[in-house]
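Participant: Which chain is which? The protein sequence lines are A and B, in order. Take the first sequence: its position 53, counting from 1, is numbered 53 in UniProt numbering, and each next residue is one higher. Take the second sequence: its position 153, counting from 1, is numbered 153 in UniProt numbering, and each next residue is one higher. One structure coming up, written as structure tokens, with questions to follow.
Number of protein chains: 2
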Amino acid sequence: MVRPIKFGEIPGFEEEHWFRDRKEMMPSSFHRNWGAGIDGNGKEGAAAIVLSGGYEDDDDLGDVIIYTGAGGNNPDTGKQVQDQTWENRGNAGLRLSMDQGLPVRVIRGHSHKSKFSPSTGYTYAGLYSVVDAWEEKGKSGFKICKFRLEYCGLNIKRALPEHTELKNLHGETQRKSGTVLRIIRDTQITRGIKKLYNFECQVCGSPVLTQSGRYAEGAHIKPLGKPHNGHDSSDNVLCLCPNHHVMFDRGSFSINDDLTLIGILEGRLTLHKKHHINKTNLEYHRKSHGYN
Amino acid sequence: MVRPIKFGEIPGFEEEHWFRDRKEMMPSSFHRNWGAGIDGNGKEGAAAIVLSGGYEDDDDLGDVIIYTGAGGNNPDTGKQVQDQTWENRGNAGLRLSMDQGLPVRVIRGHSHKSKFSPSTGYTYAGLYSVVDAWEEKGKSGFKICKFRLEYCGLNIKRALPEHTELKNLHGETQRKSGTVLRIIRDTQITRGIKKLYNFECQVCGSPVLTQSGRYAEGAHIKPLGKPHNGHDSSDNVLCLCPNHHVMFDRGSFSINDDLTLIGILEGRLTLHKKHHINKTNLEYHRKSHGYN
């Protein structure tokens, strides 16, 4: 029997939790796949990876990890002996986690060559997000699938993506011109709503097609954070394509209680029968953007 | 004569730079507008604001500032006496800075009620980005235009948006589910390319319409950061709508040297005669996503 896949933190396993061996990771579904580095598949996404030094092209910078996908290597030597593919279930899983904003538990093994690795057993490094996926010729000359993972976990003292980015990417000159960011958050709640709509935008009906499937964004109707203090709850979230997300956040359009659109868009919001929207949130959005 | 507007850092004025008075900010164009809080307009954007305690609805959290727009108050008492409008040049300027990703210099005056304010004169707080704009009824009962600004400047030790967000928004429960972020960067280079195309997507020709005008994103062809190490230079940047930006970054389509599209999109990239693209970057993108 295969246990169901579990995403995110699992109670009882804090960052730096030590496992004697990989078998210990199985009862909790922390990592269900004894023999493989990636726990996941192209239908559900990948929930966990183990860095075990099996690949010669990995690069572990701590809070940023360049990870080589699965397949094509000799398990004894770690050498690539043939091309990797995106159809490999682990690689397909990591690509889906990127598109759907699913967090990945990262575990470092003693055989993984990195100053962050334990001397024996395995340690849990925390939650990471997959922010990039691409292919290249590895050191071996074979095609390998690669991923960039960035720490996105609980410990706010650890360098978050922005820090790493600012340090690595931007010289003084560029930073002096001011690098402005737009940030899209994916939470358990937004992921649920996006799935309910099969990643189709509630305004235009279109999904954004990616190589792993479909992409959409969760938009909070009443924004999170001060001073709005909207909730991250399903009655405050819409599934939108990125273009309509930008327009909604900026008030180019808003939504009446009967779900008709107002502003520069016409039409009506699609609503799934299992999705209840709190109308006070719609009213808040209308008032915030001058639709009264 | 009005001096031209200047965005970003200005040489010679570090963070915490102290100005005796507002007149001192004028020769360098640090803030050109003696009498107003906002230096800018709806055509160019806003480049600087002074917090002077003139508005009763401001809220200064340090690296996050809730700022009240211009107009409608009695300059002697700071009390609102009529509605503010989005047509006001300063408010229109801040809204445009949000949509175009322009950085705003923030200056705190001695009369601004905040623990960060100087006891006399004015101090420079650094570059901020405008991340939200909305309207509400102020304490006075009149309509006010409000903005959320987040620090985006040089000092990487200062709390960056992500830190603030994670601390303020996410309880343990939510953070345990893993909040994954997608981040869009705006640099001086991407701003230039977007302007060249008048914010029209080089793939679909459409701008995303906002209340202040138009929105587009700068997409790096060869990605920034390890291990790609692409450059933030105009020959490596495209102007795309958010939907096509997501698809391009994920390799749903790529671009041949003759600018025809490959992958799940057909057609041809629009290229402005002043925009030179480095073809080795296009080749890098094709190879990264399996188009050979």
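Glycine included, each C-beta is placed from N, C-alpha and C at the ideal position.
Could you tell me the boundaries of the beta strand (DSSP E) in which B/S234 lies?
Facilitator: Taken as a continuous stretch (DSSP letters only), B/S234 belongs to no beta strand (DSSP E), as it is neither H nor E.
Participant: Is DSSP giving B/G126 helix, strand or coil here?
Facilitator: strand
Participant: 7 Å is my cut-off, CB to CB: does A/Y291 come that close to chain B?
Facilitator: no
Participant: Mark A/I49 as exposed unless 16 or more other C-beta atoms lie within 10 angstroms of its C-beta, in which case mark it buried.
Facilitator: buried
Participant: Given 6 Å as the limit, tell me if B/N281 has its C-beta closer than that to any heavy atom belonging to the ligand PLP.
Facilitator: Although the ligand PLP was asked about, the structure shown includes no ligands whatsoever.
Participant: Look up A/Y197 in the DSSP assignment and say whether it is helix, strand or coil.
Facilitator: coil
Participant: Take A/L102 as the anchor and find which of A/G8, A/F147, A/E24, A/D249 has the nearest alpha-carbon.
Facilitator: A/G8
Participant: So is A/N243 in contact with chain B if we call contact Cβ pairs under 7 Å?
Facilitator: yes
Participant: Chain D beta carbons: is any one of them nearer than 7 Å to that of A/I264?
Facilitator: Among the protein chains of the structure shown, namely A and B, there is no chain D.
Participant: Taking the alpha-carbon of B/L261 as reference, which of B/V246, B/V203, B/N243 has the nearest alpha-carbon?
Facilitator: B/V203
Participant: Return yes when the Cβ of A/G53 is within less than 7 Å of the Cβ of A/K113, no when it is not.
Facilitator: yes
Participant: Please name the residue or residues paired with A/D132 in a DSSP beta bridge.
Facilitator: A/R148
Participant: Taking 8 Å as the cut-off, does the segment 197-217 of chain A touch the segment 25-35 of chain A (at least 3 CB pairs, one atom from each stretch)?
Facilitator: no
Participant: So, does the CB of B/E135 fall closer than 7 Å to a CB anywhere in chain A?
Facilitator: yes
Participant: What is the C-beta distance between B/I193 and B/S234, in whole angstroms, given that I count them as a contact (C-beta under 8 Å)?
Facilitator: 6 Å
Participant: Can you check whether the CB of B/G126 is closer than 7 Å to the CB of B/G153?
Facilitator: In this structure, B/G126 lies closer than 7 Å to B/G153 by Cβ.
Participant: Who are the neighbours of A/V208 on chain B, taking C-beta pairs under 7 Å?
Facilitator: N243, V246, M247
Participant: Would a check of beta-carbon distances place A/I193 closer than 7 Å to chain B?
Facilitator: Among the CB atoms of chain B, none fall inside 7 Å of the CB of A/I193.
Participant: By how many angstroms is the C-alpha of A/Y122 removed from the C-alpha of B/H289?
Facilitator: Taking the straight line joining both Cα atoms gives about 33 Å.
Participant: Please confirm if B/D268 has its CB atom under 7 Å from at least one CB of chain A.
Facilitator: Residue identity differs from the one stated: residue 268 of chain B is Arg in this sequence, not Asp. It does not; no Cβ of chain A falls within 7 Å.
Participant: Does the pairing of the segment 244-251 of chain A with the segment 248-257 of chain B give three or more beta-carbon distances under 8 Å?
Facilitator: no
Participant: With a 10 Å radius around its C-beta and 16 neighbouring C-beta atoms as the bar for buried, classify A/I137 as buried or exposed.
Facilitator: Per the sequence shown, the amino acid found at residue 137 of chain A is Lys instead of Ile. Looking at its Cβ environment, which holds fewer than 16 other Cβ atoms inside 10 Å, A/K137 is exposed.
Participant: Quick one: does A/G213 have its CB under 7 Å from some CB of chain B?
Facilitator: Chain B contact via Cβ: absent.
Participant: Using the C-alpha atoms, what's the distance from B/E24 back to B/W34?
Facilitator: 10 Å
Participant: By alpha-carbon positions, which one of A/I66, A/Q80, A/D60 ends up nearest to A/G72?
Facilitator: Taking the Cα of A/G72 as reference, the smallest distance to any Cα among A/I66, A/Q80, A/D60 is reached at A/Q80.
Participant: Out of A/D21, A/A47, A/V64, point me to the one whose CA is closest to A/R3's CA.
Facilitator: A/A47
Participant: Using the C-alpha atoms, what's the distance from A/A70 back to A/N88?
Facilitator: 7 Å
Participant: For A/N74, which option in A/A36, A/G213, A/I66 has the closest C-alpha, if you only look at C-alpha atoms?
Facilitator: A/A36
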